[in-house]
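A short write-up of the structure that comes next.
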RNA sequence: GCGCCCGUAGCUCAGCGGAUCAGAGUAUUGGCCUCCGAAGCCAAGGGUCGUGGGUUCGAAUCCCGCCGGGCGCGCCA
């Protein structure tokens, strides 16, 4: 509540309703980049001017008049200034900028947390790789994104389930088994007798070599290969720092009759019809371009039926908010799955589930693109990236761009210029502050008692204000499923700290001033640690 | 051909429910370690925000066309 931004907003809301009774306006507050425009700014006068058909500056003047009293009693600023076309700017008093430091020290790891999703049961499904090969960089992007989105929602009070869904019995698995069998028999990709669309990767050879049974034992090979690859994926995820609460097997949807049940419900609702020997679902009733086959003429189901059955379980398990993190190559399934859920007539909302689709990662090496495909034999794996640049760098890097932007991972650059990865810049700020405390001593009592009014240097006030932005950054990132906003924000906190550190000595002789400065630095450190934690990146005390 | 996404500095990318939005990093150039960590700081140059229209007092941001790129468009998963 002590956030000056909220106070300013309330003051302006009162002012706006005094000047223009009955006019509904959403007051927007910005933080101007240009210091000449004060610390907080609003264009509410321009918005009202439109509704009132009056000159924006006149409206602004009226608001200034109406808010004089409330602003003074709020104590956050001396006065409102009118600028430009009618902007309302205020300069915050140092005391109100710096107050956040005490809150950070009190709240610790909880600083920045919100209640937007309090009490909600949320599920984030991501990675969901089939056990047919090692995880590739696309899975890495999903892992980094999904885990960060889950953490952001938890930070807003949600109870989050991280879920991994995989196909353990379909045609892909058959191909896997045949490929291993062929390898076991000494065949190589391209040889006569090599399975069509078989997996060519070297890991197939590894599995074949380690399989203790005979090449004729296809079922045994299948079980062994799936088990082998599941373990490998688990190890990769562990190295990546991602943990799942639930692994959901597609095969269970069949064995528990859930796929059949979906067809029954659709049929009962009159959403199916027979044509050309197949059973079709009227997805066009829900915005699809054309109807889709649900049960093929050979009696088997198309993939989206179990997909719908799976999402039905999400709804039935009580998840009212579900986020699926997938590559954009899956975007055509969005409409289909949603349509299928609508056709169940269970009251599932139209926009259920939410999707975060990320563009596929393009890996460049030696100036050439490395093709990413499970079916191709050679692709860059998550494990490769971790080995090359380290877990922290991979996670920070993969999450520091918005999901739908094209992503070029230049392996050579990552290899050669490890030190220039943004993650080190942020971690360095954290380590630097830790280093100061190593020489100054950790004394929470002294920090808590520090007289924050001694902080008056512009860079101190700038850092304090930056720290106070963390709450809204975390809240917005959670709402928009956009962890990259946190990554960008952390760079700014680090920049403000580094700049301050170079401009002013922190460990000064004056004990009171030193305590105040250390308190500010401790707040910055806590903010960086909290932010990095959301991204699954460590905050090292030494580097 | 249709659908979705993208096009912002040499490069990698933020900003996109309009105004105080022309930004960051990197690269280039020039400064800063007898002093808390130089993995840092300070400064400079660099962009008609793909393009042409439209809406608006005001558009990188909203709408339409076009150009360029990506991904989908199966009784594959």
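Numbering (my numbering), first residue to last: 390 to 932. Each residue gets a CB set at the ideal place from its N, CA and C atoms; glycine is no exception. Source: prediction; values computed, not measured.
Where residue i and residue j are concerned, what is the direct C-alpha to C-alpha distance, given to the nearest angstrom?
i           : j           : result
residue 592 : residue 640 : 24 Å
residue 430 : residue 478 : 4 Å
residue 850 : residue 914 : 16 Å
residue 762 : residue 768 : At residue 762 the pLDDT is 43, less than 50, meaning the model places this residue with poor confidence and gives no usable figure here.
residue 711 : residue 869 : 13 Å
residue 644 : residue 669 : 23 Å
residue 746 : residue 723 : 10 Å
residue 891 : residue 783 : 29 Å
residue 919 : residue 451 : 42 Å
residue 765 : residue 586 : Interpretation of residue 765 is limited by its pLDDT of 43, a score under 50 that renders its predicted location unreliable; the figure taken from the coordinates is listed afterwards. Between residue 765 and residue 586, the C-alpha separation is close to 9 Å.
residue 558 : residue 583 : 21 Å
residue 847 : residue 444 : 35 Å
residue 503 : residue 742 : 23 Å
residue 714 : residue 531 : 6 Å
residue 607 : residue 568 : 10 Å
residue 435 : residue 442 : 10 Å
residue 738 : residue 650 : 20 Å
residue 488 : residue 871 : 28 Å
residue 613 : residue 570 : 11 Å
residue 702 : residue 555 : 15 Å
Taking residue i as the reference, which of the options has the closest Cα?
i           : options            : result
residue 597 : 607, 578, 572      : 572
residue 622 : 488, 772, 512      : 772
residue 700 : 512, 829, 813, 587 : 512
residue 663 : 688, 647, 779, 705 : 688
residue 647 : 695, 607, 608, 862 : 695
residue 447 : 428, 427, 470      : 470
residue 552 : 394, 558, 879, 535 : 535
residue 604 : 738, 566, 516      : 566
residue 935 : 453, 472, 435      : Because the chain is modelled from 390 through 932, residue 935 falls outside the range shown and cannot be assessed.
residue 796 : 467, 542, 526, 738 : 526
residue 887 : 902, 899, 855      : 855
residue 753 : 799, 857, 549      : 799
residue 750 : 793, 642, 609, 499 : 793
residue 827 : 853, 813, 896, 776 : 896
residue 515 : 537, 499, 495      : 537
residue 642 : 698, 590, 628, 674 : 698
residue 638 : 704, 628, 518      : 518
residue 776 : 578, 625, 425, 539 : 625
Give every residue of the same chain whose Cβ lies closer than 7 Å to the Cβ of residue i, excluding the five residues on either side of it in the sequence, and list them in chain order.
i           : result
residue 455 : 404, 407, 408
residue 400 : 456, 459, 460, 463
residue 725 : 672, 677, 681, 693
residue 497 : 915
residue 857 : 392, 489
residue 474 : 435, 445
residue 449 : 434, 471, 475, 477
residue 774 : 526, 529, 783
What distance in whole Å lies between the Cβ atoms of residue j and residue i, which are believed to be in contact at a cut-off of 8 Å?
i           : j           : result
residue 864 : residue 505 : 6 Å
residue 676 : residue 728 : 7 Å
residue 883 : residue 778 : Between residue 778 and residue 883 the Cβ distance is about 19 Å, and since that is not below 8 Å, they are no contact.
residue 860 : residue 501 : 5 Å
residue 417 : residue 432 : 6 Å
residue 781 : residue 549 : Not confirmed; about 22 Å, so no contact.
Within the same chain, show all residues whose beta-carbon is closer than 6 Å to that of residue i, passing over the 5 residues directly before and after it, in chain order.
i           : result
residue 708 : 510, 512
residue 412 : 440
residue 921 : 928
residue 636 : 553
residue 465 : 393, 396, 481, 485
residue 717 : 746, 748
residue 545 : 503, 505, 506, 867
residue 542 : 506, 511, 549, 867
Beta-carbon within less than 8 Å of residue i's beta-carbon, same chain only, minus the 5 sequence neighbours each way: which residues are those?
i           : result
residue 931 : 820, 823, 824
residue 686 : 665, 666, 667
residue 874 : 862, 865, 866
residue 684 : 652, 667, 668, 690, 691, 694
residue 811 : 785, 786, 789, 876, 880
residue 564 : 521, 584, 586, 587, 588
residue 904 : 835, 836, 838, 839, 840
Would you say the beta carbon of residue i comes nearer than 7 Å to a heavy atom of the ligand PLP?
i           : result
residue 814 : Summarising the ligand content, the structure contains no ligands, and the ligand PLP is consequently not present.
Would you call the segment 516-525 in contact with the segment 617-624, where contact means no fewer than 3 C-beta pairs closer than 8 Å? yes
Count the C-beta pairs between the segment 479-491 and the segment 837-848 that are closer than 8 Å, then say yes if the count reaches three, no if not. yes
Please confirm if the segment 670-682 is in contact with the segment 622-637, defined as three or more CB-CB distances below 8 Å between the two stretches. These segments do not touch.
Does the segment 902-912 come within contact of the segment 828-839, defined as at least 3 CB pairs closer than 8 Å? These segments touch.
Measuring CB atoms only, is the segment 730-745 touching the segment 647-657, in the sense that at least three cross pairs come out at less than 8 Å? yes
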